[in-house]
Amino acid sequence: MKIRKICCIGAGYVGGPTMSVIADKCSDLEVKVVDINKERIAAWNDSDLNNLPIFEPGLDQIISRTRGRNLFFSSEMEKSIANADMIFISVNTPTKTKGLGAGQASDLSWVEASARQVAKYAEGHTIVIEKSTLPVRTAQAIKEILEATKKENAKNKNPKTFSVLSNPEFLAEGTAISDLEEPDRVLIGGEDPEAIKALVNIYLNWVPIEKIICTNLWSSELSKLAANAFLAQRISSINSISAFCEATGADINEVAKAIGTDKRIGNQFLSAGPGFGGSCFKKDILNLVYLSGYFGLPEVANYWNQVVVLNTWQQDRIYKIVLEKLFGTVSGKNIAILGFSFKANTNDTRESPSIRISCDLLEEGALLSIYDPKVSFERIKEDFERFSFNNQGIWKMVNSIPDALKNADAVLILTAWDEFFGLDWKYLASLMRSPAWVFDTRSVVKRQEIKNTSLNLWKLGEGS
Ligand code: UDX
Ligand code: UDX
Numbered sequence: 002m003k004i005r006k007i008c009c010i011g012a013g014y015v016g017g018p019t020m021s022v023i024a025d026k027c028s029d030l031e032v033k034v035v036d037i038n039k040e041r042i043a044a045w046n047d048s049d050l051n052n053l054p055i056f057e058p059g060l061d062q063i064i065s066r067t068r069g070r071n072l073f074f075s076s077e078m079e080k081s082i083a084n085a086d087m088i089f090i091s092v093n094t095p096t097k098t099k100g101l102g103a104g105q106a107s108d109l110s111w112v113e114a115s116a117r118q119v120a121k122y123a124e125g126h127t128i129v130i131e132k133s134t135l136p137v138r139t140a141q142a143i144k145e146i147l148e149a150t151k152k153e154n155a156k157n158k159n160p161k162t163f164s165v166l167s168n169p170e171f172l173a174e175g176t177a178i179s180d181l182e183e184p185d186r187v188l189i190g191g192e193d194p195e196a197i198k199a200l201v202n203i204y205l206n207w208v209p210i211e212k213i214i215c216t217n218l219w220s221s222e223l224s225k226l227a228a229n230a231f232l233a234q235r236i237s238s239i240n241s242i243s244a245f246c247e248a249t250g251a252d253i254n255e256v257a258k259a260i261g262t263d264k265r266i267g268n269q270f271l272s273a274g275p276g277f278g279g280s281c282f283k284k285d286i287l288n289l290v291y292l293s294g295y296f297g298l299p300e301v302a303n304y305w306n307q308v309v310v311l312n313t314w315q316q317d318r319i320y321k322i323v324l325e326k327l328f329g330t331v332s333g334k335n336i337a338i339l340g341f342s343f344k345a346n347t348n349d350t351r352e353s354p355s356i357r358i359s360c361d362l363l364e365e366g367a368l369l370s371i372y373d374p375k376v377s378f379e380r381i382k383e384d385f386e387r388f389s390f391n392n393q394g395i396w397k398m399v400n401s402i403p404d405a406l407k408n409a410d411a412v413l414i415l416t417a418w419d420e421f422f423g424l425d426w427k428y429l430a431s432l433m434r435s436p437a438w439v440f441d442t443r444s445v446v447k448r449q450e451i452k453n454t455s456l457n458l459w460k461l462g463e464g465s
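Take the sequence shown: its letters are residues 2 to 465, numbered as in our numbering.
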């Protein structure tokens with residue numbers, strides 16, 4: 002089956018970069034990315050590449066050479082679906098806030114709505130691909146929605162037919178382009194060999210065959226959940242050891258290096274920090290917890306739930322340490338927050354540890370000056386509104402590190418942006434009040450850098 006036109010529903014952090022790379026690597030394909038959010042589509046089409054809706058290193062160069070050539074961003078859902086040979090569903094699947102499974106299960110309304118749109122507008126044979134991370138066996142629901150239309154159209158001369166595949170995305174934000182260009186693996190789950198072959202052929206334009214893994218649908222869906230759960234578990238593990246280091250005089254970076262040299266453990270993903278954020282880890286683990294309960298596996302559910310419990314505990318622990326070091330109160334004190342995104346090199350703040358920690362400090366009456374090189378004021382405002390807390394403090398956003406630290410009693414480093422490394426602490430200390438604290442949760446500051454200043458330094462995972 003020759004694929005000529007691709008459509009992707011959802012122009013978000015996954016759909017946007019993934020389709021940009023596919024368009025870049027397959028110049029003979031026409032790739033259309035559609036979204037119900039017209040503002041987002043307008044931003045993707047903005048002639049100023051600084052206004053793209055997401056910040057991702059290297060994305061602007063790809064957009065500049067593909068957009069208008071074979072990559073198009075549009076709100077024309079109906080026509081784009083009708084013309085496509087292959088449709089990726091890459092819409093968001095947040096944790097349910099109401100109803101059965103609230104707080105754990107994923108809300109599949111958007112996926113279902115997308116499947117219904119595909120069922121309605123598709124023409125001829127269409128391959129439908131789950132790109133969003135979904136609970137195991139969601140493909141069954143998508144299939145049933147599509148099958149229903151197939152029956153309705155059985156009498157047509159050219160009836161609609163569908164094949165459903167699962168092709169989960171493993172990109173990490175901040176390194177999305179290199180993750181897409183040089184993936185560790187591409188995973189394709191499905192039952193229809195022709196459809197699988199068609200998708201494999203697209204990836205073969207740049208991915209070596211030995212990196213393309215084909216499985217059944219359910220293994221593919223579960224592998225994505227399991228991969229994220231394992232990664233998140235590793236962060237909770239190292240974070241639990243960071244607290245242990247502080248209590249015992251060990252140093253988390255030395256411990257991480259020592260254990261990471263064991264080939265069986267490996268040295269990646271062992272940086273202790275303020276806890277994992279991002280749209281996936283917490284949502285996917287909670288989903289796994291929910292499904293474990295559903296399938297009558299409460300011990301499995303409890304096991305994975307603890308990864309999330311520890312993550313929240315790590316964030317609370319940091320806020321309490323700040324409070325304790327500042328003599329038990331931050332009311333009326335100026336605190337600089339460096340970094341608001343959930344990790345460096347992205348403007349995404351979903352589940353960022355900075356949200357919870359900042360809100361806890363604001364509840365205590367702190368005056369926060371927040372600096373982040375890529376996150377907008379509106380984003381932070383929305384995050385604070387959504388977190389709904391009893392705000393006793395005041396916050397503002399500033400445009401530079403010195404502006405944030407002016408008259409500050411403390412600075413809290415929460416994201417490892419490049420520009421936070423190697424700062425001139427002698428100069429910065431002169432801007433702060435005395436005694437002043439530096440709280441470094443990302444191993445950004447070296448102890449010798451503050452040696453000849455009046456600053457006190459607390460580093461996560463460094464025991465005294
Ligand atoms: C990703 C993954 O796809 C998902 O599996 C994961 O669980 C969360 O992260 P992401 O691209 O990061 O999604 O989400 P987001 O940036 O919110 O983008 C989703 C887009 O889909 C939004 O722009 C939204 O407007 C759009 N959408 C949603 C539609 O176009 N149609 C819908 O019916 C619903
Ligand atoms: C993750 C998965 O890595 C990716 O494969 C999947 O497709 C989506 O979810 P993402 O959330 O974008 O990607 O970023 P990731 O690099 O995994 O970081 C997640 C969180 O863990 C961040 O808050 C990050 O700061 C934190 N982290 C990561 C650590 O605290 N320590 C580490 O060693 C690594």
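Glycine included, each C-beta is placed from N, C-alpha and C at the ideal position.
What is the rounded straight-line gap between the Cα of residue i and the Cα of residue j?
{"i": "S65", "j": "L50", "result": "8 Å"}
{"i": "L363", "j": "I338", "result": "12 Å"}
{"i": "D25", "j": "K3", "result": "18 Å"}
{"i": "D425", "j": "M433", "result": "13 Å"}
{"i": "L135", "j": "R357", "result": "26 Å"}
{"i": "S243", "j": "S237", "result": "10 Å"}
{"i": "S220", "j": "A405", "result": "48 Å"}
{"i": "N453", "j": "K427", "result": "7 Å"}
{"i": "S110", "j": "G175", "result": "28 Å"}
{"i": "P299", "j": "V310", "result": "16 Å"}
{"i": "I197", "j": "I143", "result": "17 Å"}
{"i": "A12", "j": "E182", "result": "19 Å"}
{"i": "A140", "j": "K326", "result": "51 Å"}
{"i": "V308", "j": "N206", "result": "38 Å"}
{"i": "P403", "j": "D185", "result": "40 Å"}
{"i": "L523", "j": "V137", "result": "Here the chain covers residues 2 to 465 and nothing more, so residue 523 does not appear."}
{"i": "F422", "j": "T442", "result": "13 Å"}
{"i": "A409", "j": "E379", "result": "24 Å"}
{"i": "A417", "j": "N202", "result": "38 Å"}
{"i": "L232", "j": "S435", "result": "40 Å"}
{"i": "T262", "j": "G464", "result": "22 Å"}
{"i": "E257", "j": "G16", "result": "Here residue 257 turns out to be Ala, not Glu, going by the sequence shown. Straight-line Cα distance between these residues: approximately 34 Å."}
{"i": "A430", "j": "G366", "result": "23 Å"}
Under a Cβ-count criterion, where at least 16 other Cβ atoms within 10 Å of its own Cβ denotes burial, should residue i be classed as buried or exposed?
{"i": "L101", "result": "exposed"}
{"i": "Q105", "result": "buried"}
{"i": "S444", "result": "buried"}
{"i": "G329", "result": "exposed"}
{"i": "R41", "result": "buried"}
{"i": "D349", "result": "buried"}
{"i": "F163", "result": "buried"}
{"i": "Y204", "result": "buried"}
{"i": "N240", "result": "buried"}
{"i": "Y372", "result": "buried"}
Report yes if the C-beta of residue i is less than 8 Å from at least one heavy atom of ligand 2; otherwise report no.
{"i": "L60", "result": "no"}
{"i": "I236", "result": "yes"}
{"i": "L135", "result": "no"}
{"i": "P18", "result": "no"}
{"i": "S179", "result": "no"}
{"i": "I239", "result": "yes"}
{"i": "N288", "result": "no"}
{"i": "T347", "result": "yes"}
{"i": "F270", "result": "yes"}
{"i": "F343", "result": "yes"}
{"i": "P54", "result": "no"}
{"i": "P374", "result": "no"}
I want to check one thing, is the minimum distance from the CB of residue i to the heavy atoms of ligand 1 below 8 Å?
{"i": "D36", "result": "yes"}
{"i": "R70", "result": "no"}
{"i": "G278", "result": "no"}
{"i": "G294", "result": "no"}
{"i": "G267", "result": "no"}
{"i": "I213", "result": "no"}
{"i": "I88", "result": "no"}
{"i": "V412", "result": "no"}
{"i": "Y122", "result": "no"}
{"i": "G191", "result": "no"}
{"i": "N93", "result": "yes"}
{"i": "S115", "result": "yes"}
Between residue i and residue j, how many whole angstroms is the CB-CB distance? I'm expecting something under 8 Å.
{"i": "K284", "j": "T96", "result": "5 Å"}
{"i": "P18", "j": "A177", "result": "4 Å"}
{"i": "F440", "j": "I381", "result": "Not a contact, Cβ separation roughly 19 Å."}
Within 8 Å, do at least three Cβ pairs link the segment 316 to 325 to the segment 393 to 406?
No contact exists between the segment 393 to 406 and the segment 316 to 325.
Validate contact between the segment 250 to 263 and the segment 191 to 209 using beta carbons, cut 8 Å, 3 pairs
No: fewer than three Cβ pairs fall under 8 Å.
Taking 8 Å as the cut-off, does the segment 111 to 124 touch the segment 268 to 280 (at least 3 CB pairs, one atom from each stretch)?
Below 8 Å, too few C-beta pairs join the segment 268 to 280 and the segment 111 to 124 to call them touching: fewer than three.
Below 8 Å, how does it come out for the segment 73 to 82 and the segment 30 to 37: are there three or more Cβ pairs, yes or no?
Yes, the segment 73 to 82 touches the segment 30 to 37.
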